[in-house]
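Quick notes on the structure that follows.
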Amino acid sequence: MNRHSSVIDGQNDLMVRFETQLGMAELTWRGDQVRRFRWLAKQSGSGNQVDNIALAANLTQTQQDLLQDLIDYAAGVRIDFSQVEVYYDEPTPFRRRIWEACQQIPYGQLVTYGQLAKLAGRPGAARAVGSAMSNNQIPIIIPCHRVIAAGNKIGGFTNPQGVRFKQRLLQLEAALPFA
3 MNRHSSVIDG
13 QNDLMVRFET
23 QLGMAELTWR
33 GDQVRRFRWL
43 AKQSGSGNQV
53 DNIALAANLT
63 QTQQDLLQDL
73 IDYAAGVRID
83 FSQVEVYYDE
93 PTPFRRRIWE
103 ACQQIPYGQL
113 VTYGQLAKLA
123 GRPGAARAVG
133 SAMSNNQIPI
143 IIPCHRVIAA
153 GNKIGGFTNP
163 QGVRFKQRLL
173 QLEAALPFA
């Protein structure tokens, strides 16, 4: 397993920063439910390095498994995150339906904003789906990178590296229909 740092236990949340082949990432749990995930623009200098033994002592088996799955995903291993339990920070019922539908999009497959709206029972709400995707706090697990604009246009992506990182994720999954 790669090097990890900043295991923080506070306010019922546990946060871990860890290194992957796609860069530094940060994962936050509330219990065994994932609350947030993000790729960091660069490695944070704050926090102490924690060896794997110390880290393992602080994480449940479910948390350890997910952490390893994210590291493996970034290395190109096909991982199914559709059953990962998610903690939602008080979303609207619409956004929750959209995020739940998005979580079921299989690895390597794409849907348009309009198709995702239809899957969530809200045909015609493509623009609102775009808004929900831009507010997704748990990319990869809720794979908003697999949602594209009509006409095979890549659409947006909220990440420090922007759309280039979305393209990188789609390339990793061999799901890149763009020139």
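Residues 3 to 181 (my numbering) are what the sequence shown spells out, left to right. All residues carry an ideal CB built from backbone N, CA and C; glycine is no exception.
Reduced DSSP category for residue i - H, G, I as helix; E, B as strand; rest coil
i, result
"I131", "Just to set this straight, residue 131 is Val in the shown sequence, not Ile. Note: V131 maps to helix in three-state DSSP."
"T64", "helix"
"R19", "strand"
"E28", "strand"
"A76", "helix"
"F167", "helix"
"Q139", "coil"
"R40", "strand"
"P162", "coil"
"A119", "helix"
"A151", "strand"
"Q173", "helix"
"L69", "helix"
Assumed close pair residue i, residue j - CB separation to whole angstroms, cut-off 8 Å
i, j, result
"E175", "Y109", "6 Å"
"I143", "V86", "5 Å"
"W31", "Q65", "6 Å"
"A134", "P125", "Incorrect: roughly 15 Å between the Cβ atoms, too far for contact."
"Q63", "S84", "In fact, because the Cβ distance is near 19 Å, the residues do not count as touching under 8 Å."
Residue i - partner residues in DSSP beta bridges
i, result
"Q35", "R32"
Original post:
Are the region 69 to 78 and the region 113 to 121 touching by the rule of at least three beta carbon pairs closer than 8 Å?
Top reply: With a cut-off of 8 Å, the region 113 to 121 and the region 69 to 78 do not count as touching, because too few Cβ pairs lie within range.
**OP:** Kindly confirm or deny that the region 90 to 103 and the region 157 to 174 touch, where touching means at least three C-beta pairs closer than 8 Å.
**Re:** Not touching, per the Cβ criterion.
Subject >> Runs of alpha helix (DSSP H) lying entirely within the region 83 to 115, each at least 4 residues, in chain order >> reply: The qualifying runs are 95 to 105.
Original post:
With contact counted as at least three CB pairs below 8 Å, one residue from each stretch, are the region 125 to 144 and the region 26 to 44 in contact?
Top reply: The answer is yes - the region 26 to 44 touches the region 125 to 144, with three or more Cβ pairs under 8 Å.
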